[in-house]
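**Q**
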Amino acid sequence: MKLKKINAGSLQYAITISIIIGGILAAFLLYTHIQLKFSKQSEWANNSIALAEDGLSYVENFNIPYNDTLTLNRDNNGTQDIYKKHWGIYDIIESTGKSHSFNYNFKTLSALTQSKEEILAISMPNEEQSLVLTGATSVYGNVQLSERGAKTGSIAGSYLENEILIHGSELSNYGLIPELNPEKVKHLKDLVSHDFESALEPLRLESSLTHIRSFSEPTAMIYSPKALYIGQEYLEGNIIFISDVSITVSAFAKAKNIILIAPKIKIESNAVVQLQAIASTSISVESEAHLKYPSAIVLINENDQELETPKIIIGQQASIEGSMLYISDIQSKKKLPEILLCKNSKVFGEIYSQGYLELRGKVYGSVYTKNFIVTHKGSSYINHILDGVIDTRTIPVNFGGLMSGKDFKRNHLLWLD
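Take the sequence shown: its position 59, counting from 1, is numbered 88 in the numbering used here, and each next residue is one higher.
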């Protein structure tokens with residue numbers, strides 16, 4: 030057999046081509062593997078986001094316990110960890126989606142809500158008297174009153190100007206006022222008593238003009254045994270201010286999502302802030318101050334001293350967007366208002382009062398109160414409204430506050446962090 034001689038250059042060329050083809054195939058396989066891995070990771074990442082979003086949807090319709098993680102297994106897609114804790118009258122919801130090695134987390138400020146049909150303009154349980162409307166008073170929305178219903182009247186010659194008493198229906202649950210969540214009431218009372226669910230990290234107000242605290246960090250506390258004055262500071266997030274005497278917020282302060290706790294709290298004229306003020310003696314929102322949504326005014330009355338002035342005063346042209354709450358287990362002997370909404374003041378949201386409410390301003394939302402009252406020239410008129418307005422027509426569908434409807438429902442108000 031005669032052997033054929035192969036040119037060395039051709040052999041080298043063939044080997045080179047083989048190496049190149051092998052390299053291309055290896056690169057293609059590596060690229061395919063990377064693409065497959067990236068595609069899987071992208072799928073897992075998207076799954077974790079979808080699971081976290083679905084966790085927020087879950088708590089919109091189902092109540093979960095406070096301070097306890099609820100874990101839901103979602104077949105092979107992953108798991109959801111849902112956690113709820115108090116933040117004043119509102120709640121913080123944390124939903125974490127987990128898919129393989131990927132985690133995604135959402136935090137929201139949330140609150141209870143009602144369907145449009147369940148929202149009341151007035152709920153007043155007093156069974157002894159009618160609700161008497163006088164002056165420029167107008168009521169738009171459904172009401173729950175005593176069996177005596179509503180009627181016209183006059184105070185110092187000021188008769189009702191409107192021909193229609195109630196622009197809505199009078200419902201039949203006489204003598205009933207909706208109850209608040211007892212866990213929430215206990216939490217608010219604990220805050221006033223400085224009984225906190227977890228340890229707080231001390232923070233000095235004087236250390237900086239700007240304090241921003243993430244809700245992923247432990248709650249920061251600014252405490253003083255003396256009066257606290259918030260001047261030109263910018264304050265945001267997971268911060269609680271505590272004073273054993275009083276807290277005053279100036280017109281130059283900027284605040285978002287913080288909580289104030291003191292016996293006495295004052296929001297000075299022209300201040301524009303978003304906060305929760307929780308007090309035990311008095312709260313004053315001075316003229317033209319504006320508390321942005323979602324804010325809250327809360328007074329827990331545990332002082333049996335006789336009332337001389339209203340516990341909560343909302344000054345002329347001042348406005349509150351959110352909820353106002355007055356809780357008291359003490360029955361005052363004097364027939365005087367615990368809450369006073371001055372002329373041209375506005376509340377966009379809800380008022381819940383276990384005492385006497387004098388309404389001279391406007392409420393665009395709901396009023397739940399034990400009694401209305403009007404004080405005029407030394408006289409007190411029980412269950413009267415003079416020149417007040419209550420109107421449910423403009424309350425937004427995504428409003429969240431203290432009241433829940435027949436079917437549990439929750440709204441998410443703000444994204445946190």
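Quick reminder that beta carbons are idealized off the backbone N, C-alpha and C, glycines included.
1) Quick one: what's got a C-beta closer than 6 Å to residue 120's C-beta in the same chain, skipping five residues either side?
2) Do you know offhand how far residue 426's Cα is from residue 241's?
3) Are residue 394 and residue 424 close, meaning C-beta to C-beta below 8 Å?
4) What residue does the beta strand (DSSP E) around residue 420 start on, and which one ends it?
5) Please determine, among 336, 118, 98, the residue with the shortest C-alpha to C-alpha distance to residue 110.
6) Please tell me whether residue 142 and residue 417 are closer than 8 Å, where the distance is taken between their beta carbons.
7) Compute the beta-carbon to beta-carbon distance between residue 181 and residue 189, rounded to the nearest angstrom, for a pair I have assumed lies under 8 Å.
8) Identify which residue in 223, 222, 286 has its Cα closest to the Cα of residue 243.
9) In chain order, which continuous runs of the beta strand (DSSP E) of length 3 or greater are located wholly inside the stretch 67-147?
10) Quick check: does the Cβ of residue 138 come within less than 7 Å of any heavy atom belonging to the ligand NAP?
11) Label residue 366 either buried or exposed according to how many other C-beta atoms from any shown protein chain fall within 10 Å of its C-beta, with 16 as the threshold for buried.
12) For the 8 Å Cβ check, are there 3 or more pairs between the stretch 100-108 and the stretch 146-164?
13) What do you reckon, are the CB atoms on residue 5 and residue 266 nearer than 8 Å?
14) What residue does the alpha helix (DSSP H) around residue 426 start on, and which one ends it?
15) Taking the alpha carbon of residue 438 as the reference point, which residue from 93, 76, 79 has its own alpha carbon closest?
16) Please name the residue, chosen from 331, 303, 343, 288, that lies closest to residue 314 on a Cα-to-Cα basis.
17) Spatial neighbours of residue 303 within its chain, please: C-beta separation below 6 Å, excluding the five flanking residues on both sides.
18) Excluding sequence positions up to five away, which residues of its chain have a Cβ less than 6 Å from the Cβ of residue 124?
19) Using three-state DSSP, classify residue 195 as helix, strand or coil.
20) Quick one: Cα of residue 169 to Cα of residue 251, how far?
21) Looking at C-alpha atoms only, which residue of 383, 128, 245 is the closest neighbour of residue 78?
22) According to DSSP, is residue 279 part of a helix, a strand, or is it coil?
23) With distances taken from CA atoms, which of 357, 106, 96, 118 is nearest residue 131?
24) Taking its Cβ as the centre, do 16 or more other Cβ atoms sit within 10 Å of residue 162, making it buried, or is it exposed?
25) Excluding the 5 residues preceding and the 5 following residue 115 in the sequence, name in chain order all residues of the same chain whose CB lies nearer than 6 Å to its CB.
26) To which residues does DSSP link residue 233 through a beta bridge?
27) What residues match up with residue 303 in a beta bridge as DSSP calls it?
28) Would you decide whether residue 440 is buried or exposed? Buried here means 16 or more other CB atoms lie within 10 Å of its CB.
29) Could you check where the beta strand (DSSP E) with residue 274 kicks off and where it finishes?
30) Can you tell me which of 195, 172, 45, 126 puts its alpha carbon nearest to the alpha carbon of residue 87?
31) What are the boundary residues of the beta strand (DSSP E) that residue 391 is part of?
32) In terms of DSSP beta bridges, what is residue 177 paired with?
**A** Short version:
1) For residue 120, where only same-chain residues beyond five positions count, the Cβ hits under 6 Å are 113, 139.
2) Taking the straight line joining both Cα atoms gives about 30 Å.
3) Judged by their CB atoms, residue 394 and residue 424 are nearer to each other than the 8 Å cut-off.
4) According to the DSSP assignment, residue 420 belongs to the beta strand (DSSP E) that extends over 418-420.
5) It is 98 whose Cα lies nearest to the Cα of residue 110.
6) No, they are not a contact pair.
7) That belief holds up - the Cβ atoms of residue 181 and residue 189 are roughly 4 Å apart, short of 8 Å.
8) Nearest C-alpha to residue 243 among 223, 222, 286: 286.
9) Listed in chain order, they are 99-103, 107-116, 119-128, 131-141.
10) The ligand NAP is absent from the structure shown, which contains no ligands of any kind.
11) Of the other Cβ atoms in all chains shown, 16 or more fall within 10 Å of the Cβ of residue 366; this residue is therefore buried.
12) Taking a contact to require three or more Cβ pairs closer than 8 Å, the stretch 100-108 and the stretch 146-164 do not qualify as touching.
13) Because the chain here runs from 30 to 446, residue 5 falls outside it and cannot be looked at.
14) For residue 426, no alpha helix (DSSP H) run applies, since DSSP gives it neither H nor E.
15) Here the closest residue by C-alpha is 93.
16) Residue 343 is the option with its Cα nearest to residue 314.
17) Excluding positions up to five away in sequence, the list reads 285, 321, 324.
18) Closer than 6 Å at the Cβ level, and outside the excluded window around residue 124, lie 81, 84, 85, 111, 135.
19) Looking at residue 195 - three-state DSSP - the assignment turns out to be coil, as it is neither helix nor strand.
20) About 43 Å.
21) Among 383, 128, 245, the Cα nearest to that of residue 78 is on 128.
22) In the three-state reduction of the DSSP assignment, residue 279 falls in the coil class, being assigned neither a helical nor a strand state.
23) Of the candidates 357, 106, 96, 118, the residue whose Cα lies closest to the Cα of residue 131 is 106.
24) Buried, by the Cβ-count rule.
25) Contacts found: 216.
26) Residue 233 pairs with nothing; no bridge assigned.
27) DSSP output for residue 303 lists 285 as bridge partner(s).
28) Per the 10 Å Cβ criterion, buried.
29) Counting along the chain, residue 274 falls outside any beta strand (DSSP E), and DSSP gives it neither H nor E.
30) Distances from the alpha-carbon of residue 87 to those of 195, 172, 45, 126 put 126 closest.
31) 391-405 is the span of the beta strand (DSSP E), which, as asked, contains residue 391.
32) Residue 177 pairs with nothing; no bridge assigned.
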